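Step one of this worksheet: look at the structure below.
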Amino acid sequence: MTEHRHEPPLAALPPFAPGFRWGAATAAFQIEGSTGADGRGSSIWDTFSQTPGRILEGATAGIAADSYRRYADDIALLSELGVTDYRFSISWTRVQPDGTGPANGPGLDYYERVVDGLLGAGIAPLPTLFHWDLPQALEDAGGWLARDTATRFADYVALVLDRLGDRVHRWITLNEPAMMTLQGYALGTQAPGRALMMGALPTAHHQLLAHGLAVSAIRANSTAEVGITNNHTLVVPASDAPGDQLAAAAFDLVYNRIFADPVLAGAYPDLSAFGIDGFPGVQPGDLELIAAPLDFYGVNFYNPTRVAAASAGSEFAAAGLPFEPADFVDVPVTGFGWPIVPSAFADVLVGLQDDYGDRLPPIVITENGASFPDVVVDGAVHDVERIAYLDAHLSAVRHAVELGVDVRGYFVWSLIDNFEWAEGYTQRFGLVHIDFDSGERTRKDSFDWYRGVIAAQSR
Ligand code: FCB
């Protein structure tokens with residue numbers, strides 16, 4: 183169980199400012215199912231999840247949380263929760279089955295139904311335009327290693343804007359490009375499963391270029407607000423030894439700074455620690471596009487990361503990496519085994535403020551949450567550990583606000599249990615439990631807790 187070691191529980195803190203956005207988040211591939219419906223094309227996650235050995239227990243997302251069919255139930259849950267906003271993602275392959283060409287009408291119809299349902303319930307839609315489900319046809323043409331994928335993304339965004347731009351007033355371009363690059367292309371633990379190590383670097387730039395092109399498409403066609411979502415971790419060196427300190431700084435580069443510096447400071451960080459001179463693939467004008475001012479900066483936070491110098495002979499050293507992961511000592515963990523250190527969240531937020539200063543737009547926490555092995559007993563799920571995690575992390579956010587960080591919103595990951603990527607259905611993050619056989623939705627105790635927080639904060 184988490185202790186409130188650094189901040190008092192949320193109820194003891196002053197409320198967030200009026201107008202603070204309260205939300206919950208999901209992503210298309212993780213919740214929708216109906217992967218063959220209405221002309222949807224295949225994405226890299228369809229391919230990856232159908233490849234034996236890639237996903238725990240061989241799970242696929244063919245049904246997932248069945249939200250393609252049950253979206254109205256989910257909107258009813260959001261209403262009951264009292265959120266002001268819902269963050270969901272739009273699947274590129276529903277809009278353009280092969281990632282190019284004209285719009286697939288029935289795919290856009292679905293997102294129009296979702297958006298209209300939300301607006302009808304008084305909830306602001308916050309769609310993410312890309313949450314990892316790249317069309318397989320584009321991967322076959324090079325995926326994010328190909329610069330052209332950024333141009334394709336801008337075309338897709340224009341089709342979405344054309345249909346929904348009159349009703350959606352806030353967009354997120356990309357979700358966690360760092361994970362796409364690191365897990366998808368460098369390590370190969372997630373789709374598309376390429377293990378290119380530092381050869382994956384161009385995928386970072388091409389995603390950020392896609393972000394920049396999408397921002398200019400949105401600016402040219404609407405007055406909507408736009409931001410990006412990056413995930414951030416607090417990197418903690420395993421000791422004061424210079425090797426561990428250098429290792430931590432190097433890890434911070436690949437996880438945080440490669441993806442934040444271009445957006446918030448207009449330049450890539452120095453990668454000489456990896457023997458790299460200049461970021462690959464950058465052309466004149468790219469950084470200006472990538473660094474265009476944003477209305478908000480989305481931050482996903484789950485846990486800090488402890489890092490040590492790569493030990494001689496380790497797989498990390500063999501791969502030319504200066505770091506290797508190290509476990510925290512005596513720190514509680516989530517069901518995923520992720521360390522629970524709420525104060526690290528405040529440290530990340532204050533660190534962003536210190537590092538980027540006036541260039542940092544207001545922050546929106548676009549994901550925060552924890553998985554635990556929840557079970558339904560007599561129609562209830564007593565997820566006390568999740569409540570403790572969320573309470574302590576929201577307190578940390580409130581603490582960061584107290585320290586001068588401009589945070590404007592907070593979204594729990596996730597509204598409902600869902601397909602947790604390579605972990606399949608083994609990690610439950612929802613405020614609502616899903617029975618993946620029947621689709622039945624059961625509110626967890628954390629749902630009631632969050633509803634209470636929103637109600638008390640909105641008073
Ligand atoms: C984030 C992803 C999200 C979810 C959570 C647990 O990295 O953006 O889709 O899987 O982790």
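Numbering (my numbering), first residue to last: 183 to 641.
Cβ coordinates follow ideal geometry from the N, Cα and C atoms, glycine included.
Keep in mind that this is a model prediction, so the values were computed, not measured.
Residue interval of the alpha helix (DSSP H) (run including residue i)
i, result
"Trp643", "With the chain represented from 183 up to 641, any question about residue 643 goes unanswered, as that position is not in the structure."
"His414", "Neither: His414 is in no alpha helix (DSSP H) and is coded neither H nor E."
"Asn403", "383 to 403"
"Gly302", "287 to 302"
"Glu605", "Looking at the DSSP string, Glu605 is not in any alpha helix (DSSP H), and its letter there is neither H nor E."
"Val339", "330 to 346"
"Glu497", "497 to 500"
"Ala210", "210 to 213"
N-terminal and C-terminal residue of the beta strand (DSSP E) that residue i is part of
i, result
"Ser271", "267 to 271"
"Trp274", "Premise fails: Trp274 lies in the alpha helix (DSSP H), 274 to 277, not in any beta strand (DSSP E)."
"Gly205", "203 to 207"
"Arg251", "Arg251 -> not in any beta strand (DSSP E); alpha helix (DSSP H) instead, spanning 249 to 263."
"Phe593", "589 to 595"
"Glu470", "Looking at the DSSP string, Glu470 is not in any beta strand (DSSP E); the run it does join, the alpha helix (DSSP H), is 468 to 472."
"Phe478", "478 to 482"
"Ala508", "505 to 508"
"Arg625", "623 to 625"
Collapsed DSSP secondary structure at residue i in the structure displayed
i, result
"Trp520", "coil"
"Met183", "With a pLDDT of only 33 at Met183, under 50, the local geometry of the prediction cannot be trusted, and the value read off the model is given with reservation. Of the three classes helix, strand and coil, the one that applies to Met183 here is coil, per DSSP."
"Glu189", "coil"
"Ile458", "coil"
"Ala657", "Residue 657 falls outside the range modelled here, since the chain spans only 183 to 641, and no answer is possible."
"Phe611", "coil"
"Phe655", "Summary: the structure shown does not reach residue 655, with the chain confined to residues 183 through 641, and so no result is reported for it."
"Gly634", "helix"
"Thr242", "coil"
"Ala552", "coil"
"Tyr367", "helix"
"Ala491", "strand"
"Trp353", "strand"
"Asn438", "helix"
"Asp326", "Here residue 326 is Trp; the residue named in the question, Asp, does not match the sequence. Helix, per DSSP."
"Pro309", "strand"
"Arg568", "helix"
"Pro424", "helix"
"Glu407", "strand"
"Pro444", "helix"
"Pro284", "coil"
"Pro475", "coil"
"Val579", "helix"
"Pro317", "strand"
"Phe546", "The identity of residue 546 in the sequence shown is Val, whereas the question assumes Phe. Reduced to three states, the DSSP call for Val546 is strand."
Closer than 7 Å: residue i CB and nearest the ligand GTP heavy atom
i, result
"Ala194", "Looking at this structure, you won't find the ligand GTP anywhere; what it does contain is the ligand FCB."
Close Cβ partners of residue i (< 8 Å) along its chain, the five nearest in sequence each way excluded
i, result
"Met183", "In this prediction, Met183 has a pLDDT of 33, which is less than 50 and means its spatial position is unreliable; nothing more can be read from the coordinates."
"Thr371", "Gln365, Ala604"
"Pro191", "Asp573, Ala574, Ser577"
"Glu189", "Leu195, Pro524, Ser525, Ala528, Ala574, Ser577, Ala578, Arg580, His581"
"Gly205", "Val265, Thr266, Asp267, Tyr268, Arg269, Leu308, Gly591, Tyr592, Phe593, Val594"
"Gly299", "Tyr253, Ala254, Ile257"
"Gly457", "Gly502"
6 Å CB neighbourhood of residue i in its chain, flanking five on each side removed
i, result
"Arg439", "Pro451"
"Ser303", "The amino acid at residue 303 is misidentified as Ser; the sequence shows Ala. For Ala303, where only same-chain residues beyond five positions count, the Cβ hits under 6 Å are Ile257, Ser261."
"Gly463", "Pro384, His387"
"Ala473", "Gly448"
"Pro419", "Asp426, Gln427, Ala430"
"Gly281", "Pro317, Ala319, Leu320, Arg334"
"Asn412", "Phe441, Ala442"
"Thr229", "Gln318"
"Thr310", "Ser271, Ile354, Asn357"
"Ala399", "Ala336, Val339, Ala340"
Own chain residues within Cβ distance below 7 Å of residue i, not counting five before or after
i, result
"Trp595", "Ala207, Glu549, Asn550, Gly551, Phe611"
"Ala447", "Tyr538, Arg541"
"Asn286", "Gly221, Arg276, Val277, Gln278, Pro279"
"Leu369", "Ala377"
"Asp459", "none"
"Met362", "Trp314, Trp326, Thr385, Gln389"
Decide yes or no for the touch test of the segment 381 to 392 against the segment 291 to 301: beta carbon pairs closer than 8 Å, at least 3 of them.
no
Between the segment 211 to 225 and the segment 242 to 257, can you find at least three pairs of beta-carbon atoms closer than 8 Å?
yes
Any 3 or more C-beta pairs closer than 8 Å across the segment 425 to 441 and the segment 484 to 494:
yes
At a cut of 8 Å, does the segment 311 to 318 reach the segment 270 to 282 through at least three beta carbon pairs?
yes
Quick test of the definition: if touching needs 3 or more C-beta pairs under 8 Å, does the segment 346 to 353 touch the segment 407 to 424?
yes
Cβ pair count under 8 Å reaching 3, the segment 511 to 528 against the segment 492 to 499:
no
Specify whether the segment 322 to 341 and the segment 392 to 399 touch according to this definition: at least 3 beta carbon pairs, one from each stretch, less than 8 Å apart.
yes
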